[in-house]
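Each number in the working numbering comes from the position in the sequence shown (counting from 1) with 6 added on. Glycine included, each C-beta is placed from N, C-alpha and C at the ideal position. Contents: one structure, followed by commentary.
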Amino acid sequence: MSLASRSVERSSAPDHDPVTASPAASRPTAARRRGVWSKLWRDRVLILFCLPGLAVIIGFHYLPLLGNVIAFKDYQPFLGIAGSDWSGLDNFAVIFGGDSQFLNALKNTLILTALQSVFVFPAPILLALLLNSLLSESIKRIVQSVLYLPHFLSWVMVVALFQSVLGGSGLLNNFLRAHDLDTLSIIGNPDTFRILLTSQVIWKDTGWATILFLAALSQIDAQLYEAASVDGAGRTRQLWHVTLPGLKPIIILLFILRLGDSLTVGFEQIILQQQAVGRDVSEVLDTYVYNNGIIAGDWGASAAVGLVKGIVGVVLVLTANKIAHIFGEEGVYQR
């Protein structure tokens, strides 16, 4: 047989037997499957530690979402969810059809959201920058510990503390009376109620919120500051061209997450002080749900308000994240 014929036979012969090829082709999938199970078995202790937290999240966050069906029913507690009649969109028509209490609650919520976005959100950023500028590490740790403490106080204690200081018989007014000065009406005054709420949130949560920003500041390369200093940049220019760009990713992330919860402005804090100022200035969406759902028994309309809040939050997060991607930022998740 010639060399040419042998080469033709070799080229025409199949590279492998089709019968024996299928087990080899399935080996990567089987190996991948075994790899997943081996990783789960390797991390079994960590998974067991995560199970209680996962059970809490599923039981108290995801399963209650099924109760949103109440928004589309004429819910009667003694009949249960399954036994209550369907009402379609009637509950939504009630709240959006000119309900003065709902419109007032929506207005107050939006005002408080704006105040918290302007004053509460930037406060930990500014405080973190001030703490980061302290040269003494021991002083920085002491100041941080003092600033973290209010976060661990309940709103009952915070409200009582503010009343003991700013109330009609509080320390401030007693001091003014002792010096023959006019007293101030802060607690229980509808005109100052929103400012009071914003001040309470700043006092309680600003210190704790600095943790993330201080962590982000510690990740900025010190050589960038050295290079900026060599180029003649002072503290202000270093702040604008090194520090703030380093904080930008975490600021964008937290702001997007804040938008998702923007219609939640502090139920416990407000409900504790609502009787002192009245519902006209203090009623927000959360207290509206409580007063009309649990107190008045209008379960369907209250559930509709909660569902609308959730939908608005999701839309705001997705929209803000999309805008962040357009401007080249990572946002909550990558593209």
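Any beta-carbon of chain D closer than 8 Å to the one on SER93? Protein chain content of the structure displayed is limited to a single chain, and chain D is not contained in it.
Select from PRO128, GLY240, ALA309 the residue whose C-alpha is nearest the C-alpha of ASP80. When only C-alpha atoms are compared, the closest one is ALA309.
With a CB to CB cut of under 7 Å and the five nearest residues on each side skipped, what residues in its chain are close to PHE219? Answer for PHE219: PRO130, ILE131, ALA134, LEU253, ILE256, listed in chain order.
Give a yes or no on contact between the region 198–208 and the region 155–173, applying the rule of three or more CB pairs nearer than 8 Å. Yes, the region 198–208 is in contact with the region 155–173.
Check whether the region 264–283 touches the region 118–128, taking contact to mean three or more Cβ pairs, one atom from each stretch, closer than 8 Å. Between the region 264–283 and the region 118–128 there are three or more inter-stretch CB-CB distances shorter than 8 Å, so the stretches are counted as touching.
Can you tell me whether ASP304 is helix, strand or coil according to DSSP? Judged by DSSP in its simplified three-state form, ASP304 adopts coil rather than helix or strand.
Among SER139, THR212, LEU178, THR189, which one has its Cα closest to the Cα of LEU153? Here the closest residue by C-alpha is THR212.
Give every residue of the same chain whose Cβ lies closer than 7 Å to the Cβ of LEU178, excluding the five residues on either side of it in the sequence, and list them in chain order. Once the five neighbours on either side are set aside, the close Cβ partners of LEU178 are VAL171, LEU172, LEU190.
Alpha carbons only, please: which of GLY306, LEU250, ARG285 is nearest the one belonging to ILE87? Taking only the C-alpha atoms, the option nearest ILE87 is GLY306.
Return the CA-CA distance between VAL323 and LEU223, expressed in angstroms with no decimal places. Taking the straight line from one Cα to the other gives about 25 Å.
Give me the DSSP bridge partner(s) of TRP92. LYS79, per the DSSP bridge assignment.
Measuring straight from C-alpha to C-alpha, what distance separates LEU85 and ILE53? For LEU85 and ILE53, the gap between their C-alpha atoms comes out near 40 Å.
Does the beta-carbon distance from PHE261 to PHE127 come in below 8 Å? Contact flag set, yes.
What are the boundary residues of the alpha helix (DSSP H) that VAL152 is part of? DSSP places VAL152 in the uninterrupted alpha helix (DSSP H) bounded by 143–154.
Output the distance between the C-alpha atoms of LEU263 and PRO251, rounded to the nearest integer angstrom. When the Cα atoms are used, LEU263 and PRO251 turn out to be separated by approximately 19 Å.
Using a Cβ-Cβ cut-off of 7 Å (strictly less than) and excluding sequence neighbours within five positions of GLY65, which residues of its own chain qualify? Taking GLY65 as the centre and dropping the five residues before and after it, the same chain places no C-beta closer than 7 Å to its C-beta.
Skipping 5 residues on each side, what residues in its chain have a beta carbon closer than 7 Å to that of GLN82? Once the five neighbours on either side are set aside, the close Cβ partners of GLN82 are SER90.
Does the count of Cβ pairs from the region 311–318 and the region 288–301 closer than 8 Å reach three? These segments touch.
Cα-Cα separation, GLN225 to ASN138: If you take the alpha carbons of GLN225 and ASN138, they lie about 12 Å apart.
May I have the straight-line CA-CA distance separating GLY56 from GLU335, to the nearest angstrom? Looking at the sequence itself, residue 56 is Cys, so the reference to Gly does not match. Rounded to the nearest whole angstrom, the C-alpha separation of CYS56 and GLU335 is 31 Å.
Given ILE192 as reference, the closest of ALA99, GLY174, GLN206, ALA184 once Cα atoms are compared: Nearest Cα to ILE192 within the set ALA99, GLY174, GLN206, ALA184: GLY174.
From this set, HIS247, VAL207, LEU69, which residue's C-alpha is nearest PHE158's C-alpha? Of HIS247, VAL207, LEU69, the residue nearest in Cα terms is VAL207.
Smallest Cα separation from LEU136: which of ASP286, ILE301, LEU245, TYR339? Among ASP286, ILE301, LEU245, TYR339, the Cα nearest to that of LEU136 belongs to LEU245.
Buried/exposed call for VAL62, threshold 16 Cβ in 10 Å: Here VAL62 is exposed, its C-beta having fewer than 16 other C-beta atoms within 10 Å.
Nonlocal neighbours in the same chain, by C-beta distance under 8 Å from SER93, ignoring five residues either side: The beta carbon of SER93 is closer than 8 Å to those of PHE78, LYS79, ASP80, GLY306 in its chain, skipping five residues each way along the sequence.
Using alpha carbons as the reference points, say which of LEU265, VAL248, PRO156, PHE108 lies closest to ASP227. Just measuring C-alpha positions, the residue of LEU265, VAL248, PRO156, PHE108 sitting nearest ASP227 is VAL248.
Starting from the Cα of ILE217, find the closest Cα among ALA239, GLN229, SER151, VAL162 and give me that residue. That would be SER151, whose Cα lies nearest to the Cα of ILE217.
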